[in-house]
Amino acid sequence: MIELVNKRVLLGVSGSIAAYKSAELVRLLRKQGAEVRVVMTATATEFIQPLTFQALSGNIVYSAWDDADRGDGMGHIELARWADAIVIAPASADLLARLRQGMANDLLTTLCLASNGTIAVAPAMNRLMWDNAATKENMEVLRQRGIHILGPGTGGQACGETGLGRMLEPEQLVQGISGLFTSGILSGTKLLLTAGPTREPIDAMRFLSNRSSGKMGYALAQAAIEAGADVTLISGPVALTPPERAKRLDVNSANEMYEAVMSEISANDVFISAAAVADYRPANPSKEKVKRKDDNVDLALTQNRDIVASVAALANKPFTVGFAAETSDIEKHAMSKLKRKGLDLIAANQVGDGQGAEVDDNAMTLYWADGCQHLEKTTKSKLARQMVAIIGEHYRAAT
Ligand code: CTP
159 MIELVNKRVL LGVSGSIAAY KSAELVRLLR KQGAEVRVVM TATATEFIQP LTFQALSGNI
219 VYSAWDDADR GDGMGHIELA RWADAIVIAP ASADLLARLR QGMANDLLTT LCLASNGTIA
279 VAPAMNRLMW DNAATKENME VLRQRGIHIL GPGTGGQACG ETGLGRMLEP EQLVQGISGL
339 FTSGILSGTK LLLTAGPTRE PIDAMRFLSN RSSGKMGYAL AQAAIEAGAD VTLISGPVAL
399 TPPERAKRLD VNSANEMYEA VMSEISANDV FISAAAVADY RPANPSKEKV KRKDDNVDLA
459 LTQNRDIVAS VAALANKPFT VGFAAETSDI EKHAMSKLKR KGLDLIAANQ VGDGQGAEVD
519 DNAMTLYWAD GCQHLEKTTK SKLARQMVAI IGEHYRAAT
């Protein structure tokens, strides 16, 4: 299973009788080429010895608070960063409730909170606990946050009952975990993306720009790569490192961005316009630094071309996604931009009052001609993965 080769899986084991099956899971994951580190809750250690996991994973097992800060130089933040995916199997009802609440009262939940990467849970509990309204609500919230849910399965339970709630078998979990690394919805597609602000020169030293950090666009580039796309990122000036596998072209002004997009676009299937493109530029930028005068000055502005609308107007247009950053009446403005610019999909969010640009968390609503989907506030990287999944579905449905 090529998807698991060299992948770093942080396996969280919580308190359930199914914990014994996770020993086999570690063995199978390693057999497929994954590196595995195990974190156990205190209750889990009552079901199975850490030593078992240590022997099978070839690594220290973490359980107590300070375990992550001992010996191998992996503090708990490093441990969260180390993981390509955190997989909690078994995930008890209690663990899922704590995860939903964002609690950090043991090492495992702390690691989940400190991670902006992929998290998956494999629930394991009695069928009535699984069917309980509280658990159902917890699962729904976790699903909306982008947490992957593997199972549960149905069948005989340790308590003697039969029904839904059993942890999936280790072989099924390995399949599910490998699926985390191959959402593949954009496999074989070429995707062009703009990100960041533009700078519109006033003179040799000064420019007009905006608050865009480029984080959302860069997170989308990363998520699109993870989903299998071949990504070209046309970026305004930002202080971010591009994803390793993206081709990046740097531009400054809206005009440069327009030219770069137009020369690249024909090769692409999907275009995402995440850049905060300036609508206007100074009409007569000076090559020299303008000297101060003892008077007010007027700055004449001229309109920039609308890049995303120009792409959407092409005869052979790609699947085109725009953004709408609004301070009020989000739905109204977003729907009008969708139509006016000829977009297939638009991602709208509230800006101002500390929301939108320059922040790490964001909420978003995606609109298309006859529907919409709201994405709850979360990190930009999680939001990006959810957006790419929706963009991918719509792109596939349209082609
Ligand atoms: N956009 C673009 N070229 C421009 C201006 C905007 O491609 N010259 C794109 C942005 O990348 C974004 C979408 O258009 O995907 C909407 O940008 P926004 O600034 O919200 O829309 P405007 O058309 O500028 O409308 P307004 O500023 O009036 O809200």
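Residue numbers (our numbering): 159 to 557. Glycine included, each C-beta is placed from N, C-alpha and C at the ideal position. Since the model is a prediction, treat every value here as computed from it, not as a measurement.
First through last residue of the beta strand (DSSP E) which encompasses residue i
i: Pro281; result: Thr276 to Pro281
i: Glu193; result: Glu193 to Met198
i: Arg357; result: Element bounds for Arg357: n/a, residue is neither H nor E.
i: Leu349; result: Lys348 to Ala353
i: Gly337; result: It is not in any beta strand (DSSP E) - Gly337 instead sits in the alpha helix (DSSP H) that spans Pro328 to Leu338.
i: Thr320; result: Thr320 to Arg324
i: Gly313; result: Gly311 to Gly314
Residues that DSSP places opposite residue i in a beta bridge
i: Asp289; result: None, per the DSSP bridge assignment.
i: Arg439; result: Thr460
i: Thr268; result: DSSP, once it has assigned bridges, lists no residue as partnering Thr268.
i: Arg166; result: Glu193
i: Asp452; result: Per DSSP, none; premise fails for Asp452.
i: Phe477; result: Val428
i: Phe365; result: Pro359
i: Cys530; result: Tyr525
i: Gln593; result: Nothing can be reported for residue 593, as the shown portion of the chain is limited to 159 through 557.
i: Asp519; result: Thr537
i: Tyr376; result: Answer is none; Tyr376 lacks a bridge partner.
i: Leu503; result: Val479
i: Ala559; result: Because the chain spans 159 through 557 in this model, residue 559 falls outside it and cannot be assessed.
Residue i: first and last residue of the uninterrupted alpha helix (DSSP H) it sits in
i: Asp252; result: Ala251 to Gln259
i: Lys189; result: Ala177 to Lys189
i: Val469; result: Ile465 to Ala470
i: Met493; result: Ile488 to Lys499
i: Ile305; result: That residue, Ile305, is in no alpha helix (DSSP H); it is neither H nor E in DSSP.
i: Met545; result: Lys538 to Ala556
i: Thr201; result: First-last for Thr201: undefined, no H or E at that position.
i: Ile235; result: His234 to Trp240
i: Leu209; result: Pro208 to Ser215
Whether residue i touches residue j by CB criterion (8 Å)
i: Gly375; j: Gly354; result: yes
i: Leu496; j: Thr478; result: no
i: Arg324; j: Gly334; result: no
i: Gly394; j: Asn410; result: yes
i: Gly191; j: Asn217; result: no
i: Gln380; j: Ala272; result: no
i: Arg303; j: Lys499; result: no
i: Leu269; j: Ile244; result: yes
i: Ile343; j: Gly510; result: no
i: Leu558; j: Pro328; result: Outside the shown range of the chain (159 to 557) lies residue 558, about which nothing can therefore be said.
i: Leu162; j: Val184; result: no
i: Leu300; j: Arg258; result: yes
i: Ile392; j: Leu350; result: yes
i: Ala441; j: Thr460; result: yes
Cα-Cα separation between residue i and residue j, rounded to whole angstroms
i: Asn368; j: Thr557; result: 35 Å
i: Val546; j: Val455; result: 45 Å
i: Pro400; j: Ala434; result: 17 Å
i: Val167; j: Ala492; result: 39 Å
i: Tyr220; j: Asn520; result: 32 Å
i: Ser468; j: Ser494; result: 16 Å
i: Ala251; j: Arg439; result: 56 Å
i: Lys348; j: Leu265; result: 40 Å
i: Arg472; j: Ala483; result: Just to set this straight, residue 472 is Leu in the shown sequence, not Arg. The straight-line gap from Cα to Cα measures roughly 24 Å.
i: Asn296; j: Leu322; result: 16 Å
i: Pro223; j: Arg406; result: Per the sequence presented here, residue 223 reads as Trp, with Pro not at that position. If you take the alpha carbons of Trp223 and Arg406, they lie about 41 Å apart.
i: Gly311; j: Leu326; result: 5 Å
i: Trp526; j: His552; result: 9 Å
i: Gly480; j: Ile504; result: 5 Å
i: Glu489; j: Ala506; result: 8 Å
i: Gln207; j: Ala278; result: 23 Å
Interface flag, residue i vs chain B, CB-CB below 8 Å
i: Phe481; result: Although the question refers to chain B, the structure presented lacks it and comprises just one protein chain.
Only counting runs of 3 or more residues, tell me where the beta strand (DSSP E) segments fall wholly within the region 382 to 432, in order along the chain.
388 to 393, 405 to 408 and 428 to 431
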